[in-house]
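Chains as they are written, first to last, in this note's numbering: chain A, 1074 to 1755; chain B, -16 to 144; chain C, 9 to 305. What follows is a single structure, written as structure tokens, with notes after it.
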Ligand SMILES: Cc1cc2nc3c(=O)[nH]c(=O)nc-3n(C[C@H](O)[C@H](O)[C@H](O)COP(=O)(O)OP(=O)(O)OC[C@H]3O[C@@H](n4cnc5c(N)ncnc54)[C@H](O)[C@@H]3O)c2cc1C
Ligand code: SF4
Ligand code: SF4
Ligand code: SF4
Ligand code: SF4
Ligand code: SF4
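Put into structure tokens, the structure is as follows:
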């Protein structure tokens, strides 16, 4: 027989004014299993809690109901008090007779009857409450960061500075990501390389950070606190430990191909580092292009390498490493191929074609019927960058001429349900303004036009920045461009000014498109490898749009930077630091404590239909094989990983045979509550 | 202060299954804001509208509820992201099933109520209670029910008369 | 047609590809056929197929019949289209593996609604209601099919399968309730409707649960309503419409009307037809963000 204690709180006069608490207590004392009742002025006060604990100990209560305010207020208070008195905290329930009764019903008799009923429902329910123990799980205090752009770099440094062992997996030969491509950054116009490279070096030198450059995450298993990652280190054909980064090899390499980092504006050698400030400074050999690897011709780099670190036989290497938490920072790309709309032009880097001039002074680009002087934002960044192919002189790709008239087109592919993406890429207004300024600074007599839909400059110092761009000479035209055509060696931009209602035609030397920011092309695969959710565009989904914006849908995996949504650098960095804080919080204890209100499967009953596996939003349910005593396969069954389960109970509803139960909200508990409300039915 | 509760000849029993993140909090807010609403409703707090099993609703009807109220977070706001979408499908089909069985689906109300929508909570509950009162006792159990609470309300009315 | 099936069955048994061929044989009287488990190649001559073959055989593939199939690794089964729907659904629900079954598809012209109605031929007066509007008379998923298999467009929604459902839907609410109330008065919870259903494959049915006891074990109307609502709800988007539940009911309760109605609902609301794809997930464990919610306040 249960020994239940019921504690009715008067909440000063808050409850007692419209509920006869003494009457409720009396009614409860008559219920089956209730051995102790109290009717007290302030249950949550120190003396109230003392009384609660004393009753538990002296009367040997095995379950308690507190009829008081909302469980949101004091469920934790009384559960802790019970624990202190030696009663399992999950054997305490709250009947909410304040928010749901005394405060909303003025009639004392009605209030009293309803309070009795609410308490009675809880009394019946608690008879089925099981004592629950929190789960203790091991925890590997090592973090994995996927993607070494500014987001990954920031998170790595924050974590390492707090003493956490960090690994970065970056698929390119160098850290840096897109930010390394930028020339100067809004809204302050400071040089991107100057603020970025010191951080990259810091990452390289930090004893707690391991960089796996030119590597990819191939598989992830396990769960929060206990992940295991399979990392594929792609063959660099260069021995990391020996290479000094002297540069002999890439200086001497006689072959070349288009540079990805420079957006195909110039060429790079086959053995290369993507850009001079690369971290690590170890080159890699592009095996798809190297004649030595393809047909055993050349091998010059091996000859010139002093420390003898070129190894043409190197193979990919698989490393298995355990982690406790993962930060995903795989960034973005610019939308490929948007611009067919403007006359068959495609971004040059998407259609590699042979360039005429030599690398490093590779401009101009040959025409071949395309509008090669139509470029995207990142290409413009390279042209404007002091370390770029033109040394910071803005020259157009076709003939290397300094453009006198430049047209910038905003919202290319963004906010365009038909041809592009629905969302606003958010940073284009700002970088377009930046580009006009960079252009005006470089070409004083030049003229720049910006075709835009709306200006969205909602950031600190952003609106001021736009105003500055306009003051410095950029002419803003509100309207869209309908077509770009070739006219002599210029481009005819046909647009409209919707404010004046007039057609605007500009003959430009160069056109810069503010192309939409979209997720990496392989983001869906990455999400599947990691087991996290993604939206219809391929951006990774946060667990809650407002309250959990840096957590992914899977426990222990966090999201930083432009892989989650379009972001500028300040936002990227803030989010990266936020993920670091989350990881530190997770790592602050030696073991993980998990809430016991999770689902549990009755594996004998389970018919392995996997409906629960399908519905679980947290991928917490696994398919396991049950074995008999001799280790032979017996049956399949579902298993809930308590490390991942968040206690939503969706699986519980999905399971027809009720083989899966959510602890704390079991069918029996709810059933008892329903039946108690039903009263006596023959 | 609020209105005096009017007691009718028939007072319906309303069982509410609500999610603890949105609707339960919305109802709490109604309390903290001292709003008035019909006392007929008894709430069962569940983690998510996705945990609301049609089995519970069947049971509630079987146990003599005259109306069943189901509520959770608005689409897109589910604490667990997807729970309310499953709840929506379950209820779409369950209602049609009851309808085919000849049970008036006006006796089930489904509503999205956020933690801020205390007013919506009171309005929806009041309207639903009135509607079910209008519909009368759930016919399925017409003969079978002994309901101390409803009896009490009726008795109270007679006394005051 | 049956000759080709028999030959194929013989071959399968002879070269040991399957352990058993599940099919139909002549029954106790000329209007009946009976399920048969053929284990020896010489017995394939017993196999028949025509409009009297109303039993739904996939029930024997269900896990609950593991004891019947003890030790048999792979079964061949004669399947008319609607039965193959059940097989596909079993596979989709992980109750059967595709390579554990060899489907001998048969072209079907419809089956009789009840053996007692058999008068030597099939006509509108005795055709099973599930055959109206059937789009799998040429079965969809087969390993063997006698002759050329014509292409059939199965993208169309079901036609309203049963005029009975339509008639019931036209009744007023309380009339409909009264209809079921009188029907349910006869139900005595023998659960034959569950036993015979290929998709009621739970190891422990909710009716046998005691923690808590979902379905009141007392022979009371309440429990009976609960049982039927529960059963229908559990089969939403999963019932493949074999009609065996109604046929099995000793009290002549047309329980499959519930399932037929739900089939329509699922079709209207989610454009979903169960039993057509091996990968399908039924509509209650999937969702779309813009699902209908016209009833939600
Ligand atoms: C034209 C242009 C101008 C801009 N100008 C400014 C500006 O002036 N000011 C400003 O604040 N912001 C600016 N931005 C925005 C800024 O570039 C981004 O906010 C920032 O780069 C986002 O950083 P990230 O680390 O999230 O992503 P990224 O920089 O894209 O880094 C992602 C990294 O992850 C790696 N990676 C991707 N997938 C994988 C994988 N599967 N495995 C391993 N590694 C992977 C990539 O190689 C890359 O190194 C500009 C953007 C553009 C397009
Ligand atoms: S839904 Fe139920 S029966 Fe199906 S796999 Fe999950 S626990 Fe097992
Ligand atoms: S309770 Fe929710 S999170 Fe836990 S296993 Fe079930 S569906 Fe997954
Ligand atoms: S009625 Fe439901 S619980 Fe019972 S066997 Fe069928 S599906 Fe399973
Ligand atoms: S519910 Fe009836 S008609 Fe549907 S599959 Fe089961 S037995 Fe066949
Ligand atoms: S077979 Fe008929 S009598 Fe038996 S439980 Fe089903 S409906 Fe009731």
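Here a beta-carbon is modelled for each residue, glycine too, at the ideal position from N, C-alpha and C.
At least one CB of chain A lies nearer than 8 Å to the CB of residue 35/B.
When CB distances to chain B are screened at a threshold of 7 Å, not a single residue of the region 1350 to 1379 of chain A falls below it. Within chain A, the C-beta atoms nearer than 8 Å to that of residue 219/C come from 1740, 1741, in chain order.
Of the residues assessed, residue 264/C falls on the buried side of the cut-off, its CB having 16 or more other CB atoms within 10 angstroms. In chain order, 1285, 1287, 1288, 1389, 1390, 1391, 1392 place their CB closer than 8 Å to the CB of residue 1306/A, counting only its own chain and leaving out the 5 sequence neighbours on each side. A distance below 7 Å between beta-carbons, with the five flanking residues on each side excluded, links residue 1296/A to the following residues of its chain, in chain order: 1628, 1629, 1714, 1716, 1717. Residue 1349/A counts as exposed, since fewer than 16 other beta carbons sit within 10 angstroms of its beta carbon. Distance check between residue 1168/A and each of 1329/A, 1657/A, 1612/A, 1194/A places 1194/A closest, using alpha-carbon atoms only. When DSSP reads this structure, residue 41/C sits in a beta bridge with 34/C.
Interface annotation, residue 74/C: not in contact with chain B, CB-CB separation never under 8 Å.
Rounded to whole angstroms, the separation of the alpha carbons of residue 1258/A and residue 275/C is 55 Å.
The Cβ atoms of residue 1730/A and residue 214/C lie closer than 8 Å to each other. At a cut-off of 8 Å between beta carbons, residue 1190/A contacts chain B. Close CB contacts of residue 18/C within its chain, under the 6 Å cut and outside five residues either way in sequence, are with 49, 52 (chain order). Not a single CB atom of chain C sits nearer than 8 Å to the CB of residue 30/B. For residue 1261/A, there is no enclosing beta strand (DSSP E), as DSSP marks it with neither H nor E. DSSP, read as helix, strand or coil, puts residue 1124/A in helix. Taking C-alpha positions only, residue 1270/A is separated from residue 1671/A by approximately 46 Å.
Here residue 29/C is not near residue 69/C, since their CB atoms are 8 Å or more apart.
In summary, the residues of the region 226 to 240 of chain C whose CB is separated from some CB of chain B by less than 7 Å are 230, 233, 234, 237, 238, 240, in the order they occur in the chain.
Annotation: residue 79/C to residue 73/C spans about 12 Å, alpha carbon to alpha carbon. Judged by their CB atoms, residue 1220/A and residue 1243/A are nearer to each other than the 8 Å cut-off. Only residues of its own chain outside the window of five on either side were considered, and among them 0 have a CB closer than 6 Å to the CB of residue 27/B, listed in chain order. Residue range 264 to 278 is occupied by the alpha helix (DSSP H) that includes residue 270/C.
In terms of beta-carbon proximity, residue 79/B stays away from the interface with chain A, with every pair separated by 8 Å or more. Within 8 Å of the CB of residue 305/C, the CB atoms of chain B belong to 92, 93, 94, 95, 107, in sequence order along the chain. Within the region -5 to 22 of chain B, no residue has a Cβ lying closer than 8 Å to any Cβ of chain C. Close to residue 131/C, with beta-carbon spacing below 8 Å, lies no residue of chain A; the smallest spacing is near 39 Å. The alpha carbon of residue 1495/A has as its nearest neighbour, out of 1609/A, 1514/A, 1405/A, the alpha carbon of 1609/A. Runs of the beta strand (DSSP E) lying entirely within the region 1245 to 1323 of chain A and spanning at least 3 residues, in chain order: 1282 to 1286, 1288 to 1296, 1299 to 1306. Sequence-distant partners of residue 1667/A (beyond 5 residues in either direction) whose C-beta falls short of 7 Å from its own C-beta, in its chain, are 1207, 1208, 1210, 1715, 1716. Note on residue 1665/A: 16 or more other CB atoms within 10 angstroms of its CB, so buried under the neighbour-count rule. Proximity of the beta carbon of residue 1628/A to ligand 3 is not indicated: no heavy atom of the ligand is located closer than 7 Å. Residue 103/C belongs to the set of residues whose beta carbon lies under 8 Å from a beta carbon in chain A.
Around residue 1731/A, the beta-carbon contacts reaching into chain C at under 7 Å are 214, 217. Applying a distance threshold of 7 Å between residue Cβ atoms and the heavy atoms of ligand 4 selects 1729/A, 1730/A, 202/C, 205/C, 207/C, 208/C, 209/C, 210/C, 213/C, 214/C, 215/C, 238/C, 239/C, 242/C, 243/C, given in chain order.
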